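Chains R and Z, in that order, give the protein sequences.
So the first sequence is numbered by numbering that gives the first Met the number 0: it starts at 0 and just counts up by one.
So the second sequence is numbered by numbering that gives the first Met the number 0: it starts at 0 and just counts up by one.
Ideal Cβ positions, reconstructed from N, Cα and C, are used throughout, including at glycine.
Bear in mind the structure is a predicted one, so any value in this text is a computation, not a measurement.
Presented below is the structure to which this report refers.
2 protein chains.
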Amino acid sequence: MLKDLTTLTPLELRHLIRQNEYSGNTSGLAAGFTQANLVVLPKDLAYDFLLFTQRNPKPCPVLEVSDVGSKKLTEMATDVDIARDFPKYRIYEHGDMVKEVNDVTDFWRDDLVSFLIGCSFSFEEELLQAGIEVRNISECVNVPMYDTNIPLKSAGRFHGNMVVSMRPIPEEQVVTAVRVTNAMPKVHGAPIQIGDPEQIGINDIDHPDYGDAVTIKPGEVPVFWPCGVTPQNVIMQTKPDFVITHAPGHMLVTDVKNTTLKYM
Amino acid sequence: MLKDLTTLTPLELRHLIRQNEYSGNTSGLAAGFTQANLVVLPKDLAYDFLLFTQRNPKPCPVLEVSDVGSKKLTEMATDVDIARDFPKYRIYEHGDMVKEVNDVTDFWRDDLVSFLIGCSFSFEEELLQAGIEVRNISECVNVPMYDTNIPLKSAGRFHGNMVVSMRPIPEEQVVTAVRVTNAMPKVHGAPIQIGDPEQIGINDIDHPDYGDAVTIKPGEVPVFWPCGVTPQNVIMQTKPDFVITHAPGHMLVTDVKNTTLKYM
């Protein structure tokens, strides 16, 4: 790749990815535009899952749901092919990952429904613009994520606890961090816990259950947000016959600006 | 009724209604607490309807969805019987209203799903508290509502145009009215149009399609909000075999305060 990917529009990026000319992660691409997580389920699970997201909007903020069998979207992007425009996908059977591929056209079925789910990339950009350092970005690692004891509201076959992400925030910036993220409910919204990991069942903050540990400096408070890993975890616990997701960090770059997600 | 209903708690009101000791409208009761619209559908329509509300959250803000067959709630109220705690219900068959009753226990089926939908009563109270007169309250009439040319996003069997409510607002208070209602997306949120009814297909503002006309004084601007009549209209257009709704104005009084709906 000789092109500077960061100068491409969302549409140019999707075309490049669709033609299999880029299959890397999408972090930092198309700055200002929303990136979305993907969960593709058979229709017979779709009602329970949609209801689960309705009951648990903070960890499971749905940006758009496709029509049954369709690979198209209308809200988050036009000129889109859900089966090809993510750089990398994971295919699960009975809860086990069986394949990682760049294109799921050959696996598509007429009974599949695609859920696009909001991603913390969107609010991290807002935090940076508010002058708040995002430690996982500074340290070039994945955000640390933890299982918690926070029960989710069940819906049909889906139940489980919330997964949270953690970002250390200087004490004097905690209020700003709450305010900035609260304004973006479609990308997880305000924190769920501030400063007391044990209260939500996290006993060892240096060993996250997913992602990487980050440095917590003196004067910083660990702040916990509902995390988009939650819906994937909850689905996998039910071991459905067939599920497609994006590969972590390999998102859909949409045509929608982060700022338009505020107070949606 | 010798009791002063306005001093009763939501739970006391629901008990009174459950025992058929009150079957009037709920306007002005349990001030500060959220009241909810009701749509009860057979499960085979529930996915399409839930998806319709996901795609059209401003006219169709869902507060809670029951489990299939259940008359209970967990979020908006506990100690609740969905089939008895609304003062009055309407029963529809094939799109026609066939009955108005105070209790739908005898009509209940194991395949029914209840949708509680946000109501503009909640934001009218916020407008009043912000010093904005709500004309339909001052004139003791129903809010005027209009069919529009604003297309909704389809979902399965459900499609149609938005219905809006109108409140005349003094020019100098329009910004405040937008700000106050924008903060309450779970009860329709910000206006959809300000000051130009013809732009949304309303040609005679003095003759609303539903509710009553209200006075528009010199210096006032007609402001239009997405309206909770929309989902009922859209459902009836599909002429489903069986639907239960609340009777207009005869809402569920919930245990949830209006203020907690802000930025949900």
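Any chain Z beta carbon closer than 9 Å to residue i
i: A76(R); result: no
i: T237(R); result: no
i: T73(R); result: yes
i: T175(R); result: no
i: R17(R); result: no
i: E171(R); result: no
Chain R contact for residue i (CB, 9 Å cutoff)
i: K256(Z); result: no
i: T253(Z); result: no
i: P167(Z); result: no
i: P184(Z); result: yes
i: T180(Z); result: no
i: V79(Z); result: no
Chain R residues whose Cβ lies nearer than 8 Å to that of residue i
i: L277(Z); result: Residue 277(Z) is absent from the structure shown; chain Z starts at 0 and stops at 263.
Buried versus exposed call for residue i [16 or more other C-beta atoms within 10 Å across all chains shown]
i: M0(Z); result: Low confidence applies to M0(Z): its pLDDT is 49, below 50, so where it sits in the model is not reliable, and the reading given next is rough at best. With fewer than 16 Cβ atoms within 10 Å of its Cβ, M0(Z) is classed as exposed.
i: M96(Z); result: exposed
i: S164(Z); result: buried
i: C139(R); result: exposed
i: Q192(Z); result: buried
i: Q236(Z); result: exposed
i: K98(R); result: exposed
i: V133(Z); result: buried
i: P60(R); result: buried
i: T104(R); result: exposed
i: E125(Z); result: buried
i: P143(Z); result: buried
i: S119(R); result: buried
i: H71(Z); result: A small correction: the amino acid at residue 71(Z) is Lys; His does not occupy that position in the sequence shown. Flag for K71(Z) reads exposed.
i: Q231(Z); result: buried
i: V174(Z); result: exposed
i: K87(Z); result: buried
i: G218(Z); result: exposed
i: T229(Z); result: buried
i: A129(Z); result: exposed
i: T214(R); result: exposed
i: R108(Z); result: exposed
i: A30(R); result: exposed
i: D78(Z); result: exposed
i: H187(R); result: buried
i: N19(R); result: exposed
Contact set between residue i and chain Z, taken where Cβ atoms lie within less than 9 Å
i: Q53(R); result: L49, T52, Q53, V61, E63, V64
Residue range of the unbroken beta strand (DSSP E) whose run includes residue i
i: F223(R); result: 219–225
i: I243(Z); result: 241–245
i: T33(R); result: 32–41
i: F114(Z); result: 111–117
i: S164(R); result: 160–169
i: T25(R); result: Note, T25(R): premise wrong, no beta strand (DSSP E); not H, not E.
i: P150(Z); result: 144–150
i: I90(Z); result: 88–92
i: T253(Z); result: 251–256
i: K98(R); result: 95–100
Cβ-heavy atom distance, residue i to the ligand ADP, below 8 Å
i: K256(Z); result: As far as ligands go, the structure on display features none, and thus does not contain the ligand ADP.
Range covered by the alpha helix (DSSP H) that runs through residue i
i: T229(R); result: 228–236
i: L7(R); result: From DSSP, L7(R) is part of no alpha helix (DSSP H); its letter is neither H nor E.
i: E125(R); result: 120–128
i: V64(R); result: Counting along the chain, V64(R) falls outside any alpha helix (DSSP H), though it belongs to the beta strand (DSSP E) covering 61–64.
i: I136(R); result: 134–137
i: N181(Z); result: 173–181
Please list the residues of the region 129–163 of chain R that have a C-beta atom closer than 9 Å to any C-beta atom in chain Z, keeping them in chain order. K152, S153, A154, G155
Of all the residues that make up the region 23–45 of chain Z, which are near chain R by a beta-carbon distance shorter than 7 Å? A45
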